[in-house]
Structure formats: C-alpha cells, structure tokens
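Residue numbers (this note's numbering), protein chains in the order written: chain A, 19 to 292; chain B, 34 to 414; chain C, 3 to 282.
In what follows, a structure is listed as structure tokens, so that the remarks can point back to it.
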Amino acid sequence: MSPIDTSSSVGQVPTPQPQILVAHDVHVVYRGSRAGAGEHAVRGVSLALHEGETLGIVGESGSGKSSLARAMAGLEPIARGRVTYRGTDLPLDTHLSRDVRLDLQMVFQDPASALNPRRRIGAALADALGVRGRRPSAADVERLLDDVGLPADFAGRYPAQASGGQLQRVVIARALAAEPTVLLADEPVSALDVSVQAQVLDLLVELRERHGLSMVFVSHDLGVVRHVSDRIAVMRRGEVVEVGLADDVVDHPQHPYTRELLAAVPDPDAYAAG
Amino acid sequence: MVTARLPGTVADAHSTATAAPDPAPAPVWRPDDEPSGWRSWAGRVVHHPVVLRLAQVPVVAFVVTIIVFLVAHLLPGDPVTQLTANVNGITPEEVAQLTSQLGLDAGLADQLRSYLVGLLHGQMGISFYSGASVSSMLADALPATVELAVAAVLLAGLLGIVTGIVAARTQGTWVDHLIRGGATIGFSVPWFVVALVAILVFGVWLGWLPILGRLPTSLTYEPTTGFVLVDAVLQGRPDLIGPWLEHLALPALTLAVTSAGFITRVTRTAFLDAQAQQWVRTARMKGLTESAISVKHVLRNASVPILTIVGLMFGGLLGGAVVTEAVFSYPGVGSLLVEAVTRRDYFVLQGSALVIALMFTGVNALVDLSVLAVDPRLRRG
Amino acid sequence: MAGPRPSVVEVRDLHVDFATDRGPVHAVRGIDLDLAVGQVHALVGESGSGKSVTGLTIMGLTRGPRTTVRGAIRYGGRDLVQADESWMRSLRGRELAMVFQDPMTSLNPMHPVGRQIAETLQVNAGRSRRVARADAVELLDRVGIREPAKAAARYPHEFSGGMRQRVVIAIALACEPAVLVADEPTTALDVTVQAQVLDLMVGLARASDTAVLLVTHDLGVVARYAEQVSVMRSGQILERGPAQAVLGDPQHDYTRALLAAIPRLHGPRRRRLSPVATPG
Chain A
19 MSPIDTSSSV GQVPTPQPQI LVAHDVHVVY RGSRAGAGEH AVRGVSLALH EGETLGIVGE
79 SGSGKSSLAR AMAGLEPIAR GRVTYRGTDL PLDTHLSRDV RLDLQMVFQD PASALNPRRR
139 IGAALADALG VRGRRPSAAD VERLLDDVGL PADFAGRYPA QASGGQLQRV VIARALAAEP
199 TVLLADEPVS ALDVSVQAQV LDLLVELRER HGLSMVFVSH DLGVVRHVSD RIAVMRRGEV
259 VEVGLADDVV DHPQHPYTRE LLAAVPDPDA YAAG
Chain B
34 MVTARLPGTV ADAHSTATAA PDPAPAPVWR PDDEPSGWRS WAGRVVHHPV VLRLAQVPVV
94 AFVVTIIVFL VAHLLPGDPV TQLTANVNGI TPEEVAQLTS QLGLDAGLAD QLRSYLVGLL
154 HGQMGISFYS GASVSSMLAD ALPATVELAV AAVLLAGLLG IVTGIVAART QGTWVDHLIR
214 GGATIGFSVP WFVVALVAIL VFGVWLGWLP ILGRLPTSLT YEPTTGFVLV DAVLQGRPDL
274 IGPWLEHLAL PALTLAVTSA GFITRVTRTA FLDAQAQQWV RTARMKGLTE SAISVKHVLR
334 NASVPILTIV GLMFGGLLGG AVVTEAVFSY PGVGSLLVEA VTRRDYFVLQ GSALVIALMF
394 TGVNALVDLS VLAVDPRLRR G
Chain C
3 MAGPRPSVVE VRDLHVDFAT DRGPVHAVRG IDLDLAVGQV HALVGESGSG KSVTGLTIMG
63 LTRGPRTTVR GAIRYGGRDL VQADESWMRS LRGRELAMVF QDPMTSLNPM HPVGRQIAET
123 LQVNAGRSRR VARADAVELL DRVGIREPAK AAARYPHEFS GGMRQRVVIA IALACEPAVL
183 VADEPTTALD VTVQAQVLDL MVGLARASDT AVLLVTHDLG VVARYAEQVS VMRSGQILER
243 GPAQAVLGDP QHDYTRALLA AIPRLHGPRR RRLSPVATPG
C-alpha cells in the first residue's frame, strides 16, 4: 500500500495485490410477472476487486451496476457464473456463512430506509457491534460514532432527528461495526446535497485508509467515482464495456459509450478556463 | 463480450468490449413495436385481460354451486322430514317412498352429478313444496332483487360520491368534519336498526311510505320482463311506476344509507390523493381553472379506487338485501333463499344461491373491466 | 456576447413565508432577480435554499391560505405578486410556463400524450380540438420524438423518462411563452439523457427568445448552459453575476465551497473535497 501522505493516494498504480472478491461470468436475472417480461440485469460480467483497492462501477439506469454489486455482496441470487471471496465460492442462493456475511458489508443509497425509525441510533449500533460476539459498551458505541465524525450524543437520537448526511454516516458506522474486509457502496452519496456529499466522500476515503478496507463503489456520477476509485469499470445494459485504471479510463476512454458518458458530464470549470 | 483481463500485473490492462450487438432493450414503446401474424393475435385474445376476467365468472359459479350443494345437504334435517312433519300417522314405507320420489335416496355424489347435468341443460329442479320449477320462481324473484340492489347502489353511490367530493374540496373546514362524522355514523349503525327506525318513522308514524312488499296488493301486475319500469313502458301502464317507487323507497334507502358513508370516505380520500398528484400541478401550470382540473384530471384518476370499492360493496349489499327482503317482506331472491333454507327446499336453495353468486361475480367482473377501461396503465404492458 | 438584454421579469425584495404546524418557514428572504430575454439565468442552491419556491412563486403556484408573499415580481408592466388569480391563470401556460423535476409524475397517466399537449393549446391559444391535436403532433416532432403521430396516441407510461420530459417541454413551450421556469428538469434523468434534454430545452427557448430560469443544484449544468447565475442559500442570494465570472472567480466562501465540493474528472485529485469543519 502506498504510504498515506497529504496528496491523495488514490489513482496511483498499485503494487499488485491478491484478488479478494471476484465475479466470474456472473449473470443476474429477474423473473417477470407477465409472460416474457423478465430482465437480464447482469449478462456475464467478470470483474476482480484486489485487496486494498477501490473498484468503481459506473453506469446509467438499467446498466446492472447495482445488481452486480449486490451479487458480489452475496445479496442477490446468481443465475449463472460465480463469485469468489478469498478463493471460496459464495453460495448462489445468498445463504452465506456468518463470517463471510460480516466480511462483506454493503451500504445503500437511502439511509432513512436502512434504519429502524423506532430504534435509537445508539441501540442500532450496539446491535451491530454485538454481532462479532462481544458485548458492546457505551464507550464502544461512542468510539464508533467518533470514527464517522459524529458526536457522542447521537447515540440517543432517533433517525428522524438526524439529517440525510448524518444518517448516512450512521449507516456507514453500522457497516464498520461488523469489521468487514470489503465495503460495497451502492450510490451512497447520490441522495445527498453536494456539500454533504463531499463530507461523506471524504469520510469514506479516510475510513478506507484507516481500516484497510477494500471497496466497491457504485455510482452513476463519473466525477465521484473517479475521485474515490483506483480502477473503474463502465457498465451498460448488463455488461462491462470498459475497465482500467481510473485516470486511464477518464483521460483516454476507448469505448464509444465511455466517451459519450464523459462528454455528457458538464464541467463546472468550463467557464473557469476563460 | 468483455475482454477485460483481470488485472494482477502492474501494466494494467485497459480493455474494452468488442462491439457487441445491443441486447434487447427494456419494454418501452417503440414505433415498430406492433406484432403481426394470426398466432400472436390468438395469443393476445387468450391472454387479453377482458377474456381472462370474464372466464372467471363461470368458474366461480361452478365452485359456489358445489359448496352450496354440500352445505345444504349436510345441514341437519331434510325436506322429507319437513314435509311430513304435520302429517299424522305416516308410515316409514311412505316416508321411504317419498324420499325416493324426490330423488333423495341416491348417494350424495350421484345427486350432485345429476344436479350439475341438469344445470347444463338449463334445468334447476323444482320446489318440493309448490312443485313449481325453480327457474320460474327465480324469474319472478330475480328482477325484484336486481331492482332493489341497483336502486341501493345508485342511491349510495350518488350520496357517497357527492358528499365525498364536497368533503375533499372543503378539506379541513367544518363542512368536511360534518360530512365525515355523518359518514362514520352511517356505516357504524347496524343496518337493521336503521331499517327498524325507518319502518317506525316513515311507515308507521308518518305513514308516508309502505313497509311491505313490492307493489300494493290492490294493483294487478302481469310481468312481461319482470322489471316494473320496463314493463310499465312496454305495457303502457304508467300507473305502476308510482307505487313501485314507493315500495322500493324504504328498503333501498335503508341499504343505501348504511353503505353511503363508506363510499363518502373512500371518495374523499381518492379525490384528495388524485389532487395531490404532480400532474395536477402541471395542469395548473397550463392555466386550467380549478373546476376544469377537478373534472379532467382528478375525477378520472380518483374513480379507480371508488369503482373498486363500490364493486366490493355490492357483495355486501347483496348480503344485506337478503335480510332486508326478509324484514320488508320484499319478494326477491333473498326471501326465496331464506325460506328455502328453513324448509330445506334444496333446489330452490341451490338455485337462489347460484343466482346471487353469479350476480356478485358478474358485478365485480364489470367493475374490474371498467377499471381497465379507465386506467391505461393496467392494460397489456 | 451581445450587450445587456432587456429584462422580462424583475424580482425585487421577494419574501415568501409558509405557515406550518411547527411555526413560520421563511423560504425566501428578500431576493432580487432579473430574467433577460432569450437568456438562461441559473438559480443554484442546495436543498432548502428556496430556489424551487422562487420559481414556483414567479408562476404564482405557491399561492394559498398558508402562504405570504411580499415584494414585487414585475412582468409585462404589472406586479405578479399583487395580480389576482384569474390574471395569473391567463398568464400561465401562455406567457409563463414551467417544467417540473420528475417526468414520471408530471404527466397524467390516463390521458394520451398528444392530448396533454393539445390541452394547453386549446386553453391558451384558443385552438380547436382538431387543430390542437395536429399541432401537438408537430410539437412532438420538434422535441425529437420519432413517429410523432403514433406517439401522440400513446400513454406516458409507455415512454422512457427522457422522452416524457421532452413531452413536458413540448407542453411548456407550446405557446412560446416569454418566461420558462425549469425546476431541476433533468435531475431525475440519466446523464447522457440529461445533456440531450437540456440541449433541446435551452435550444428551443433561445429560438423563441424565451427567458429561462433554470433552477438547479448542478454547477456543471450552470457552466454549460447559463449566462447569468445567482447562488442561493437559506432563502438569500449570496452571489450573482455572469456565470463565467461567478464560476471562474467566486467571491463568496459558499460559492467557493460548492465549487470545491465537486470532484473533477480530470487533473490531480484533491485529498479533501469538503472544508475541515465541525462534523454533522
């Protein structure tokens, strides 16, 4: 791992690390309700996440990026192909062993629906902490809150008393409580205001380094994906059309769709250069 | 497909997919979408929601027939006992003879089979009491029940929908609260209390309305179709209409009052929901007046839940009609059914129950179809 | 760029308050805004900034028993704040039009698309049903929907989000209004579709000299499409001016923070996007 310094360590060419979470020719299919209306969301995707790296998956709606991430997290049944974690296949029916389940934690877009509105934040976090076997103390909860930049008194609050950005921090904290090795994030900042988005992204980057996490980061926002990712995979209609180092993909796109995607993103500095 | 080499080397592979053909897009309408060929047409007909929905009616009727048959025959007692109850000195041989005469000595399965076969030929059996054919009895009684049910639904619907819309338009004011309170009282009070109060007040004390039967006994009425309104026109007898309405009033109003309250609340909610939709904002942006918005954009959208509830209520109304007919001595299918149960008059019982079941499923099928007609989102795709 | 264009709408010291169960909400607290003929004025802010309320108030769509509007919105020689509802209604659709954020719900699901476009022509341009329906087909063509005649008979749920938003644009611009308020018109759309729809909307508006108030949170969109920009926070405008100037050389800390918060696609990555501040 590159040493942590004041410049971002993201995007530099990493020394080759072992693959930790790998998708081999994964297909995810949703059965439709009416005759013939099924959806082939992921069509034979092979991608590898290396230890300590952040793999960004970018695509528009219908690209299958969320389905792929859930399949890699063992949350979505796989129709064909397989996903391996540390060399072992994940069960196709999503019945993971407890240890593996805790190792692969996922964070989603809407924090409010991820938290029980009737439980205090502290209680939710204590539950998450207790999952590795030990009994969590108030100090443990406090430390966890501090880890995500929230004050200790948040433990007593209900989700309704927190803002979107704060709730997303709580959700991240809950994921961290399980001491995962891989964090999969599906549009974790898309529902947040720009300034709050920036804070949560900074937090994710910090946490990743502090805890040595490997991360899969799914988003439709190319700028955000590029900021956090070492490598980027571009998805369209269930397939990966391009994958490579983040800066390579963004500065030297090969596939026409990638180019189209890049051209469509409006640049706030377009006037600045003038 | 994807040619990305999984990176593990420093010189990372920056790879792209070969130009793979576009996979089939999501089902969004495209101009060249219309399928062709007779096979697809046949497929569309069979899977057509209208056909599917209508096909449910005979299936339901069949199932109901069997259940009613079993329940009727499993009730303690039997027609023969009932028939011979007042005859003194009847011998067991005569009882047995009567039993086999009525066809009741055969096994249950055989009786069911012959009943079903008879149904297929349009024969519903005869009454053990009057000897009249069940189908002719039903032909007399059914129009009366239909008139009652239709009148009740129309009254309840009109009352409920109008008050519901008023409550929605005056949301939050005392008018709204008054209407909602009245609606709650309406469907909370047991209907027979309403019936008895109505009879007492309008029939006995004020003497405004008759409380028995369908037409005054003094009036001669030879049914052509069985429906008084139609016959009055066909036979040129406008004098029938007045008394007919008078006799229909109390039973129909009783039923209507207790159901209207529910329709009021459903209408109000549906209206408010539809009004809150974003497309109403678009309509307002176009500069439409509020009443134009209400009619063109709110009502049609609100009608779906209202229609559905009215359809469901129809079943309740039919059930209420059965007992209403008993209370008001109104000669409909309900009265027939109640009598038949008491007397174990099997064929009449089964026939009445079947007819009521058909009416109920028929009405619900109609409601479902009209919802399909109103809301294009529910159609194919 | 041409010299200063005449103003179509002048907003002066606008205040909008809502009376809620939890007390008064001061959504807009004294703002000034000018919309110039044929130009795009972007109103930028995050949630709660009051930018949407501003757009809705110009349209007169915030009027209600719980709303208090003070200040002036000058248009066509009259003050829209003081104008009565029937006058506003006559302006709406005809001279003032709006495009809303969510294409999935902006159209009535039970009416065919062509009819919804024709409706505005019937109400505002007094056209007969037949003429309006024909014009609607033409408008569908102009907003880039293929086989417009067949499309006019289809229902909204049969179209994708981008196509629906094109229909909404057709409705809004059908009568060639003087003012178009676009409230986050592409936020709910994919990024490739966003570009197409915005290109279309701004292109059509400019062609008919329509002044556009583009309400958005996306500074990239501002850079690409707007001539003027006002940055809004908590009901107030903190900075305004030509987009080039405000984005290129922001004066206010908030504007600078907003620009910094956006991760860039090219160039060196910054360690932090947000300023080091108290959390939460």
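Just so it is clear, CB atoms sit at the ideal spot from N, CA and C, and this is done for glycine as well.
Check	Outcome
Tell me, which residues are paired with I75/C by DSSP?	V13/C
I want to verify the contact list: residues of chain B whose CB lies under 9 Å from the CB of L109/C, in sequence order.	Q311, W312, T315
Report the neighbours of R131/C on chain B: residues whose CB is nearer than 8 Å to its CB, in chain order.	Simply none; closest approach about 13 Å.
Put P338/B into one of helix, strand or coil per three-state DSSP.	helix
Excluding the 5 residues preceding and the 5 following L351/B in the sequence, name in chain order all residues of the same chain whose CB lies nearer than 7 Å to its CB.	A182, I389, M392, F393
For R226/A versus G174/A, is the C-beta spacing smaller than 7 Å?	no
Could you name the residues that DSSP lists as bridge partners for Y48/A?	E57/A
Would you say G320/B lies against chain C (beta-carbon separation less than 7 Å)?	yes
So, does the CB of V10/C fall closer than 7 Å to a CB anywhere in chain B?	no
Could you spell out where the beta strand (DSSP E) holding I75/A opens and where it closes?	72-77
What is the C-beta distance between A191/A and V166/A, in whole angstroms, given that I count them as a contact (C-beta under 8 Å)?	4 Å
Would you please verify whether the beta carbon of A290/A is less than 7 Å from any beta carbon of chain C?	With a pLDDT of 49 at A290/A, under the threshold of 50, the modelled position of this residue cannot be trusted, and the question is left open.
Using 8 Å for Cβ pairs, my map puts A288/A next to A225/C. What's the rounded Cβ distance?	4 Å
So within the segment 120-195 of chain A, which uninterrupted beta strand (DSSP E) runs reach at least 3 residues, ignoring any that extend past its ends?	122-125
Can you give me the Cβ contacts of G353/B inside the same chain, cut-off strictly under 7 Å, excluding the 5 residues immediately before and after it?	W224, L288
Mind pulling the chain F residues with CB within less than 8 Å of H81/B?	As a matter of chain content, chain F is missing from the structure shown, whose protein chains are A, B and C.
How would you label S133/B, buried or exposed, when you count the other beta carbons within 10 angstroms and need 16 or more for buried?	exposed
Rounded to the nearest angstrom, what separates S160/B and L116/B at their Cα positions?	12 Å
Output, in sequence order along the chain, the residues in the segment 192-217 of chain C whose CB is closer than 7 Å to any CB in chain A.	D192, V193, T194, Q196, A197
Is E180/B helix, strand or coil by DSSP?	helix
Could you compute how far the alpha carbon of P6/C sits from the alpha carbon of A245/C?	14 Å
I think L65/A touches A203/A, with their Cβ atoms under 8 Å apart; what is that distance to the nearest whole Å?	So it is not a contact: roughly 15 Å between Cβ atoms.
My understanding is that L188/B touches L281/B, with C-beta atoms under 8 Å, so please give their C-beta distance in whole angstroms.	That pair is no contact at about 10 Å.
Identify each residue in the segment 74-104 of chain C for which the Cβ-Cβ distance to at least one residue of chain B is less than 8 Å, and report them in chain order.	R91, S92, L93, R94, G95, R96, A99, M100, F102, D104
Would you mind stating whether L284/C and V30/C have Cβ atoms separated by less than 7 Å?	Residue 284/C falls outside the range modelled here, since chain C spans only 3 to 282, and no answer is possible.
So the candidates are P249/B, V381/B, V313/B; which of them puts its Cα closest to the Cα of G164/B?	V381/B
Taking 7 Å as the cut-off, decide whether the C-beta atoms of D171/A and G99/A are in contact.	no
For Q253/C, count neighbouring Cβ atoms within 10 angstroms of its own Cβ and tell me buried if that reaches 16, exposed if not.	exposed
What does DSSP give as the partner residues of Q230/C in its beta bridges?	H43/C, P244/C
Would F304/B and A201/B be called neighbours here (beta carbons separated by less than 7 Å)?	yes
How big is the Cα-Cα spacing for L233/B and L278/B?	19 Å
Counting only Cβ pairs nearer than 8 Å, list the residues of chain C close to A170/A.	Simply none; closest approach about 11 Å.
Taking I342/B as the reference, give the member of Q383/B, E255/B, N397/B with the closest Cα.	N397/B
Measuring only between beta-carbons, confirm whether A225/C sits less than 7 Å from chain A.	yes
Alpha carbons only, please: which of G32/C, R65/C, S9/C is nearest the one belonging to A21/C?	R65/C
Got a sec: is the Cβ-Cβ distance from H210/B to anything in chain C below 7 Å?	no
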